[in-house]
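*Asks:* For the sequence shown, the working numbering begins at 208 and goes up steadily by one.
Beta carbons: idealized from backbone N, C-alpha and C, even for Gly.
All of these numbers come straight from a predicted model, not from anything done at the bench.
I am attaching a structure below and will ask some questions about it afterwards.
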Amino acid sequence: MTRSNIALLVLIAAVAALPLFGGAYALRLGTIACLYAVLALSWNVVGGLAGYPSFATAAFFGYGAYAAGVLLGHGWPLWAAVASAMLSAFVAAAALGAVLLRLRGHYFAIASLSLAEVLRELVNNATDLTGGGMGLNIPLASGAGIMAEATFFFFAMWGVLLATALMAIIVGGSKLGFALACIRQNETASSMVGLNTTLYKAAAFGLSACFVSAAGGIYAAWVHYIDPSDVFDILYSVKPIVMALMGGLGSPLGVACGAFLYLGLEEVVWRNYIQIHTGVLGLLIVLLLLFLPHGLSSLRPDRLWRRAKHV
């Protein structure tokens, strides 16, 4: 295991200590931070390792939220509802990926973006099952206080983050990770030497969907109410890309740090520039990407030390 991967696990372990130092507000921020990191790390498998600009994150997130939400409404325990959402998302995304990932560049980006809109329309029309445009109410946990519930969902989302980070580390050092890197460098040449590019791309797409859906399921249980315009919001597709770019494509540690940095900027800007927060946040992100084109992962201590010695 590389030092970067060890640092990632240490960072995630440090996040788990948040309930010791904060109240309900800190737990809320911690839960969102874990959610953002899951989305970014999952996107990085397809977008960072394979080099395919996927905009399907919102589709997977919304699917996980509704799949788990419907099952929770029928009395399923949380773990079973989330596990079912993960498994079905993996199978569906792998099958879709085998078709969609034959497209490349902006053609694939547009096709992946359309998935969220298709699912949104399906949810809107399946009123008996999903509540349609009126949304879906999810039962509250009986007997749980505010702090107990906040702590529970923080650790639930943290658990998904830990599992996602382990997946990213394992994939990065596996045959799948090597195959995805080859596809990113030259997919045509990879196919010519006998690499089954469709299989590896479909597996990556399925893994990405699996963990994003888990985060969606936990999110639905956490907020107790979801509607199509919320969970299929295009921002769930755009934000992970921005986080990954801020952290450094292909680096799990960088991507996780990018997610945490993005949330920090988002929260500070929202609290201080509420009327123009979108413009200010966008400007800060553009400046960061201009001055750090390779993301936070380029700020390695050894590189900084070498630069300092040459100044």
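Tell me whether W365 is buried or exposed, calling it buried when 16 or more other Cβ atoms sit within 10 Å of its Cβ.
*Replies:* On the sequence shown, residue 365 is found 158 positions in, with the first residue counted as 1. That one is buried.
*Asks:* Once DSSP output is grouped into helix, strand and coil, what is the label at I433?
*Replies:* For the purposes of this step, residue 433 is taken as the residue at position 226 of the sequence shown. Three-state result, I433: strand.
*Asks:* Following the continuous alpha helix (DSSP H) through M341, name the residue where it begins and the one where it ends.
*Replies:* Position 134 of the sequence shown, counted from the start, is the residue given in the question as residue 341. Counting along the chain, M341 falls outside any alpha helix (DSSP H), and DSSP gives it neither H nor E.
*Asks:* Just to confirm, is the Cβ distance from S261 to L278 under 8 Å?
*Replies:* Locating residue 261 in the sequence shown gives position 54, counting from the first residue. Locating residue 278 in the sequence shown gives position 71, counting from the first residue. No, the pair does not count as a contact, with Cβ atoms beyond the cut-off.
*Asks:* Within this structure, are the beta carbons of A265 and G413 separated by less than 8 Å?
*Replies:* The sequence position of residue 265 within the sequence shown is 58, counting from 1. The sequence position of residue 413 within the sequence shown is 206, counting from 1. Going by C-beta atoms, A265 is not nearer than 8 Å to G413.
*Asks:* For I390, count the other beta carbons within 10 Å of its own beta carbon; 16 or more makes it buried, fewer makes it exposed. Which is it?
*Replies:* Within the sequence shown, numbered from 1, the residue matching residue 390 stands at position 183. So I390 ends up on the buried side.
*Asks:* Taking DSSP as the reference, what is the three-state secondary structure of R311?
*Replies:* Working through the sequence shown from its first residue, we reach residue 311 at position 104. In the structure shown, R311 sits in coil (DSSP, three-state: anything other than H, G, I, E or B).
*Asks:* Can you name, in chain order, every residue of its own chain whose Cβ lies under 7 Å from the Cβ of L472, other than the five neighbours on each side?
*Replies:* Locating residue 472 in the sequence shown gives position 265, where the first residue counts as 1. Cβ within range, chain order: L488, L491.
*Asks:* For the alpha helix (DSSP H) that contains V400, what are its first and last residues?
*Replies:* Translated into positions along the sequence shown, residue 400 becomes position 193. No alpha helix (DSSP H) contains V400, which DSSP labels as neither H nor E.
*Asks:* For I425, count neighbouring C-beta atoms within 10 Å of its own C-beta (all shown protein chains included) and say buried if the count is 16 or more, exposed if not.
*Replies:* For the purposes of this step, residue 425 is taken as residue 218 along the sequence shown, with counting starting at 1. That one is buried.
*Asks:* Is the CB-CB distance between V438 and G269 below 8 Å?
*Replies:* Position 231 of the sequence shown, counted from the first residue, corresponds to residue 438. Position 62 of the sequence shown, counted from the first residue, corresponds to residue 269. In this structure, G269 lies closer than 8 Å to V438 by Cβ.
*Asks:* Excluding sequence positions up to five away, which residues of its chain have a Cβ less than 8 Å from the Cβ of L470?
*Replies:* Looking up residue 470 in the sequence shown gives position 263. Same-chain partners within the cutoff: L236, I239, A240, Y243.
*Asks:* Would you kindly check if the distance between the Cβ of L322 and the Cβ of G276 is under 8 Å?
*Replies:* Position 69 of the sequence shown, counted from the start, is the residue given in the question as residue 276. Position 115 of the sequence shown, counted from the start, is the residue given in the question as residue 322. No, they are not a contact pair.
*Asks:* With 16 as the cutoff for other CB atoms within 10 Å, does T371 come out buried or exposed?
*Replies:* Start at 1 with the first residue of the sequence shown, and residue 371 comes out as number 164. With 16 or more other Cβ atoms within 10 Å, it is buried.
*Asks:* Mapping DSSP to helix, strand and coil, what is H484?
*Replies:* Here residue 484 is taken as the residue at index 277 of the sequence shown, counted from 1. Three-state DSSP puts H484 in a helix.
*Asks:* Look at the Cβ atom of A428, then the Cβ atom of I353, and state whether they are nearer than 8 Å.
*Replies:* The residue you call residue 428 lines up with position 221 of the sequence shown. The residue you call residue 353 lines up with position 146 of the sequence shown. Not a contact, by the Cβ cut-off of 8 Å.
*Asks:* Put W286 into one of helix, strand or coil per three-state DSSP.
*Replies:* Along the sequence shown, read from residue 1 onward, the residue named residue 286 stands at position 79. Of the three classes helix, strand and coil, the one that applies to W286 here is helix, per DSSP.
*Asks:* Less than 8 Å between the CB atoms is what I'm expecting for P435 and V289, so what's the real figure, rounded?
*Replies:* On the sequence shown, residue 435 is found 228 positions in, with the first residue counted as 1. On the sequence shown, residue 289 is found 82 positions in, with the first residue counted as 1. Not quite, the Cβ-Cβ distance comes to about 20 Å (not below 8 Å), so this is no contact.
*Asks:* Buried or exposed, going by whether 16 or more other CB atoms sit within 10 Å of the CB of R210?
*Replies:* Within the sequence shown, residue 210 is the residue found at index 3, counting from 1. The residue is exposed, with fewer than 16 neighbouring Cβ atoms inside 10 Å.
*Asks:* Only counting runs of 4 or more residues, tell me where the alpha helix (DSSP H) segments fall wholly within the region 425-478, in order along the chain.
*Replies:* The qualifying runs are 435-438, 442-454.
*Asks:* The alpha helix (DSSP H) that contains T358, what's its start and end?
*Replies:* Position 151 of the sequence shown, counted from the start, is the residue given in the question as residue 358. Its alpha helix (DSSP H) spans residues 353-379.
*Asks:* Taking just the CA atoms, how far does M399 sit from L246?
*Replies:* Here residue 246 is taken as the residue at index 39 of the sequence shown, counted from 1. Here residue 399 is taken as the residue at index 192 of the sequence shown, counted from 1. One C-alpha to the other measures close to 33 Å.
*Asks:* So the candidates are Y443, Y407, A409, G465; which of them puts its Cα closest to the Cα of G423?
*Replies:* Counting from 1 along the sequence shown, the entry for residue 423 is found at position 216. When each option's Cα is compared against that of G423, the closest is Y443.
*Asks:* Going by DSSP in three states, L322 sits in which element: helix, strand or coil?
*Replies:* Here the question's residue 322 lines up with position 115 in the sequence shown. L322 falls in the helix class under three-state DSSP.
*Asks:* Can you find the residues in the same chain that come closer than 7 Å, C-beta to C-beta, to Y480, ignoring five residues on each side of it along the sequence?
*Replies:* As a position in the sequence shown, residue 480 is number 273, starting the count at 1. The residues are V487.
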